[in-house]
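Below is one structure, written out as structure tokens; comments come after it.
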Amino acid sequence: MKTYGAGRSALGLRFGIVVSRFNHPISSALLDGCLRELETRGAASDEIHVAWVPGAFEIPFAARALAASGRYDAIVTLGAVIRGGTPHFDHVCRAATDGVREAARDTGVPVVFGVLTTDDMEQALARAGGSEGNKGQEVALAAVEMARLRASLGAGPPGAV
Ligand code: INI
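Written out as structure tokens, the structure is:
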């Protein structure tokens, strides 16, 4: 039986991170968690490039551009959409989730989803370094695993296994 590997070392890997400025205290905490995890796993800080966008609606545009550039082994997306009293929440969430999925599908580069979609600020704070951990840190590990898996499946740069 052959098992495709999903190593957890980020040594030698290149990452693009897209982070939205809306709800900045949350998104910057997610970014801190993500950077900490990537660097703990061996990624070099100059191999991590960050693109800020205004809101979660704009995340897919930048994620696709970074993925299509061919410069990255995986893309991380980070942000926070917090439910208000209108259907706006649903539209922004759908645009972000669909767009991120399509960016990965259309480019063949893993794009992981670290955009919080919560009912209120309390839930968001809990997931940005509070009682529920840090989603940015979790998705950083998913990005490392997916970059390694992509390479071991033969779908990524040969040096990245
Ligand atoms: N963008 C977010 O990232 N989070 C939100 O909670 C949010 N709310 O609530 O409106 C939000 N809206 C802005 C949107 O993502 C776009 O930046 C804007 O519509 C311009 O295209």
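The sequence shown runs contiguously to residue 162 in this note's numbering.
Idealized CB from N, CA, C, for every residue including glycine.
C-alpha distance - residue i paired with residue j, whole-angstrom precision
i, j, result
"residue 59", "residue 2", "43 Å"
"residue 84", "residue 127", "15 Å"
"residue 43", "residue 114", "21 Å"
"residue 120", "residue 61", "22 Å"
"residue 135", "residue 19", "16 Å"
"residue 22", "residue 54", "6 Å"
"residue 46", "residue 27", "22 Å"
"residue 154", "residue 5", "7 Å"
"residue 39", "residue 88", "35 Å"
Nonlocal neighbours in the same chain, by C-beta distance under 8 Å from residue i, ignoring five residues either side
i, result
"residue 73", "15, 16, 17, 50, 67, 110"
"residue 156", "109"
Residues near residue i in its chain [Cβ-Cβ closer than 6 Å; skip 5 each side]
i, result
"residue 146", "7"
"residue 104", "61, 64, 65, 68, 112"
"residue 100", "61"
"residue 11", "39, 42, 43, 44, 145"
"residue 48", "15"
Simplified DSSP assignment, three categories, for residue i
i, result
"residue 12", "coil"
"residue 45", "coil"
"residue 66", "helix"
"residue 93", "helix"
"residue 58", "helix"
"residue 87", "coil"
"residue 155", "coil"
"residue 110", "coil"
"residue 7", "coil"
"residue 142", "helix"
"residue 150", "helix"
"residue 122", "helix"
"residue 22", "coil"
Nearest-angstrom beta carbon gap, residue j and residue i [assumed within contact, 8 Å]
i, j, result
"residue 57", "residue 97", "4 Å"
"residue 34", "residue 137", "4 Å"
"residue 117", "residue 81", "4 Å"
"residue 36", "residue 79", "With a Cβ gap of about 10 Å, residue 36 and residue 79 do not count as contacting."
"residue 129", "residue 30", "4 Å"
Nonlocal neighbours in the same chain, by C-beta distance under 7 Å from residue i, ignoring five residues either side
i, result
"residue 122", "83"
"residue 108", "65, 68, 69"
Residues bridged to residue i [DSSP beta-bridge criterion]
i, result
"residue 131", "134"
"residue 80", "116"
"residue 17", "50, 76"
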